[in-house]
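Here our numbering is used: position 223 in the sequence shown is 880, and no number is missing along the way. Ideal Cβ positions, reconstructed from N, Cα and C, are used throughout, including at glycine. Here is the structure we will look at, set down as structure tokens.
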Amino acid sequence: MEQEFELIAKTFMGLEPVLAQELTGLGAHNVQQGRRMVSFTGDQEMMYRANFQLHTAIRILKPIKHFKAHSADEVYDEVKKLNWDQYLDNHQTFAIDSVVYSDNFRNSLFVTYRVKDAITDWFREKSGTRPNISVSNPDIRFNIHIADEDATLSLDSSGESLHRRGYRQESVEAPINEVLAAGMILQTGWHGECDFIDPMCGSGTLLIEADLIAHNMSPGIFRKGYAFEKWPDFNQELFDKIYNDDSKEQDFTHHIYGYDIDMKAVNTAKLNIKAAGLSKDITLEQADFKDFKRPAEKSIIVMNPPYGERISTPDLLGTYKMIGERLKHAFQGNDAWIVSYREECFDQIGLKPSIKIPLYNGSLECEFRKYSIFDGRMKDFRSEGGVVKTDQEREEMSERRFKKHRDFKKDFDEGQEENEGGDIRSFHFHSILEEKRREREEHRSLRDQGDRRFGRDHDRDEKRFGDDHNDRRFGRGHDRDEKRFGDDHNDRRFGRDHDRDERRFGDDHNDRKFGRDHDDRRKSFRGNHDDQRWNHDDHIQKDRRFGDYRYRSTKESSSNSRDGQGLRRGGQYDGRPRKSNNFKKDNDEE
């Protein structure tokens, strides 16, 4: 039996329990949850499977050294002690990612440089040559993580982030991350038992991830390669076995529906779904959720409406009120799950959630809430045997903590009449940071009112432009100033009318800079821009089940890939084309 070693699976905050459950299902040992990570032990096959089959992992790390470090020089010394020809040779390129949470290290980039120096100096002292750095597409990628004084140096077995599945051809503004989408679906407990609906589907990420989960398909099937394929001990035969194994896949007898008010989003979703070869299971339509009708079959809704951060709508609270109204009148007897950021938005839904799950969407601490929709009053529903919150859900809720402050100071009542015709795709950008900055400016304005800045005493102005200063800088005895500027200049700058001072520091300036009307709210354009990685015309591969198209590079070698004729990597025909894993020839990493 092959010896096991330590491994770390990175994920998003809030998805640790789901990832731990996935790892347990794969057969990993010593599974322990941490902060944005889950540690476990396994052999080489487990490492390959974790990369290929996990839905909620961002990357898989293999630690090679743990040590204590209080300075960058100590990091250098410890890293240089390793026998580096076990992991790297002079002809390979490498890169280093640093994650530092320590007061001893003010700059994580400096830690990166010191690790790089240690590796290159080790090779230079041993052989006189050194490997080169490649930030965009390295052969070997390392990761250094420092928390306080505890440092861990690891090999990155994944390469580019595992959320880059490979099926996304185009994107809409602020698309949801694939790993987060899969984690949300797994948190609902849905595995294909009923129909799945996303009424605000955007680029179709939730729809595709739902179909992968329903079929129990490995999300890595679309990727071009992994970093471990360039390691010296890479086992091609073992990985081919994992890659071609579909024994755990299952049929999906229900259906998935996606809707969006924006036709461009619908077309984008169709392209991505076609690239994944899942068109048979997914139906897409352009539709406004306010026209949503009761589904004919048992269904679950999972939706990601605008938050008012990266994207919004002129009538954001009205949108959430409409969501609650549609759920209550057209979705009785089913469960709906909604992720959002603002408490005020959740309040407008007007329904009591049975469970709240904190999770992060980018830098935003959001909540993922479950709504059990029933007809009539809750008291009557419970008296008839209905269950709003199970004992397990009560236990999970008691273990979770939530922030009480998700301030939302924007007054949405302003301009409500003119926004009544607005739809959920009329984007308007807001920034909470700018809102708080505006509040601080307003506070300063109130404090400075009453002629404090330009009042009778002129305290601050006298310090800056008082007689003493004027005499010192522009007085009669100041030869240099008289030569340069003369009396005329002095009169011009500091004469009776004080023209320039009034223009620079007058009441108008005070009102404009510190007054109540100050409205310097910048737009926030932080988006999660997905790379459009594959050219639509260059990558065509028949779907192994549904007859649609997948996308692959026409330059890939047919000797170790499943081509359009359905060859397995070993050359045996199985009628199931899949993606190539030739990592060297598909240089598309950002």
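Collapsed DSSP secondary structure at residue i in the structure displayed
{"i": "Glu735", "result": "helix"}
{"i": "Ala775", "result": "helix"}
{"i": "Ile1014", "result": "strand"}
{"i": "Ala666", "result": "strand"}
{"i": "Ala884", "result": "helix"}
{"i": "Asp938", "result": "coil"}
{"i": "Asp927", "result": "The residue you asked about is not Asp; residue 927 is Lys in the sequence shown. Of the three classes helix, strand and coil, the one that applies to Lys927 here is helix, per DSSP."}
{"i": "Ala933", "result": "strand"}
{"i": "Phe709", "result": "helix"}
{"i": "Ile956", "result": "Note on residue identity: the sequence assigns Ser, not Ile, to residue 956. Residue state, collapsed to three classes: strand."}
{"i": "Asp917", "result": "strand"}
{"i": "Val829", "result": "coil"}
{"i": "Gln907", "result": "coil"}
{"i": "Gln743", "result": "helix"}
{"i": "Arg1226", "result": "Confidence in Arg1226 is poor, its pLDDT being 42 and thus under 50, which makes the residue's placement too unreliable to answer from."}
{"i": "Asp1032", "result": "coil"}
Extent of the continuous beta strand (DSSP E) to which residue i belongs
{"i": "Cys1023", "result": "Leu1021 to Ser1029"}
{"i": "Gly975", "result": "That residue, Gly975, is in no beta strand (DSSP E); its alpha helix (DSSP H) goes Leu973 to Ala987."}
{"i": "Phe853", "result": "Asp852 to Asp855"}
{"i": "Val996", "result": "Asp992 to Ser997"}
Status (buried if at least 16 other CB within 10 Å, exposed otherwise) for residue i
{"i": "His872", "result": "buried"}
{"i": "Leu766", "result": "exposed"}
{"i": "Glu942", "result": "exposed"}
{"i": "Tyr758", "result": "exposed"}
{"i": "Met857", "result": "buried"}
{"i": "Ala804", "result": "exposed"}
{"i": "Gln743", "result": "exposed"}
{"i": "Val1252", "result": "Outside the shown range of the chain, which is 658 to 1247, sits residue 1252, and nothing can be said about it."}
{"i": "Glu659", "result": "exposed"}
{"i": "Glu1024", "result": "buried"}
{"i": "Gly699", "result": "buried"}
{"i": "Leu676", "result": "buried"}
{"i": "Gly684", "result": "exposed"}
{"i": "Asp1250", "result": "A query on residue 1250 cannot be resolved here, the shown segment of the chain reaching from 658 to 1247 and no further."}
Element boundaries [alpha helix (DSSP H), containing residue i]
{"i": "Asn961", "result": "Counting along the chain, Asn961 falls outside any alpha helix (DSSP H), and DSSP gives it neither H nor E."}
{"i": "Asp1004", "result": "Glu1000 to Ile1006"}
{"i": "Gly682", "result": "Glu673 to Leu683"}
{"i": "Tyr900", "result": "Gln893 to Asn901"}
{"i": "Asp868", "result": "Thr862 to His872"}
{"i": "Ala838", "result": "Glu835 to Thr845"}
Strand pairing of residue i, partner residues [DSSP]
{"i": "Asn820", "result": "According to the sequence displayed, residue 820 carries His and not Asn. For His820, which the question treats as bridged, DSSP gives no partner whatsoever."}
{"i": "Asn800", "result": "Asp754 and Ser811"}
{"i": "Met694", "result": "Lys667"}
{"i": "Arg716", "result": "Lys667"}
{"i": "Phe724", "result": "Ala808"}
{"i": "Asp730", "result": "Answer is none; Asp730 lacks a bridge partner."}
{"i": "Ile790", "result": "Phe751"}
{"i": "Gly849", "result": "In DSSP, Gly849 forms no bridge with anything."}
{"i": "Gln701", "result": "Answer is none; Gln701 lacks a bridge partner."}
{"i": "His686", "result": "Thr698"}
{"i": "Gln943", "result": "Asp917"}
When the options are compared against residue i, the one with the closest alpha-carbon
{"i": "Leu843", "options": "Ser1020, Pro832, Glu659 and Gln678", "result": "Gln678"}
{"i": "Ile913", "options": "Val772, Phe853, Val675 and Ala726", "result": "Phe853"}
{"i": "Leu928", "options": "Asn794, Ser828 and Ile721", "result": "Ser828"}
{"i": "Ala944", "options": "Asn924, Asn708, Ala932 and Glu954", "result": "Asn924"}
{"i": "Pro674", "options": "Glu702, Phe988, Thr845 and Met857", "result": "Thr845"}
{"i": "Val959", "options": "Leu973, Asp992, Ala987 and Met979", "result": "Asp992"}
{"i": "Thr976", "options": "Ile1006, Val688 and Arg951", "result": "Ile1006"}
{"i": "Tyr916", "options": "Asp938, Ala932 and Phe949", "result": "Phe949"}
{"i": "Arg706", "options": "Gly981, Glu906, Lys898 and Trp847", "result": "Lys898"}
{"i": "Cys851", "options": "Gly1019, Gly785 and Ala953", "result": "Ala953"}
{"i": "Ser696", "options": "Asn761, Thr786, Thr681 and Lys881", "result": "Thr681"}
{"i": "Pro889", "options": "Ile797, Arg763, Thr970 and Arg781", "result": "Ile797"}
{"i": "Arg693", "options": "Lys985, Pro832 and Tyr1017", "result": "Tyr1017"}
{"i": "Asp667", "options": "Pro1010, Gln893, Val688 and Arg1026", "result": "Reading off the sequence, residue 667 comes out as Lys, not Asp. That would be Val688, whose Cα lies nearest to the Cα of Lys667."}
{"i": "Ile665", "options": "Gly684, Asn708 and Ile717", "result": "Ile717"}
{"i": "Asp734", "options": "Glu886, Glu702 and Asp774", "result": "Asp774"}
{"i": "Ala752", "options": "Ile801, Phe724, Arg822 and His727", "result": "Ile801"}
{"i": "Ala926", "options": "Gly981, Glu866, Glu894 and Ile870", "result": "Glu866"}
{"i": "Phe724", "options": "Val736, Ile1030, Thr713 and Ala714", "result": "Val736"}
{"i": "Lys1009", "options": "Glu1022, Arg999, Gly981 and Pro795", "result": "Gly981"}
{"i": "Tyr824", "options": "Asn901, Trp994 and Arg880", "result": "Arg880"}
{"i": "Tyr900", "options": "Phe669, Gln701, Met670 and Phe709", "result": "Phe709"}
{"i": "Met703", "options": "Phe1031, Lys722 and His686", "result": "His686"}
The ligand GDP heavy atom lying under 7 Å from the CB of residue i
{"i": "Asp742", "result": "Absent from the structure shown: the ligand GDP. Ligands present: none."}
Proximity test, Cβ basis, 8 Å: residue i and chain C
{"i": "Arg716", "result": "Of the chains in the structure shown, none is chain C; there is only one protein chain."}
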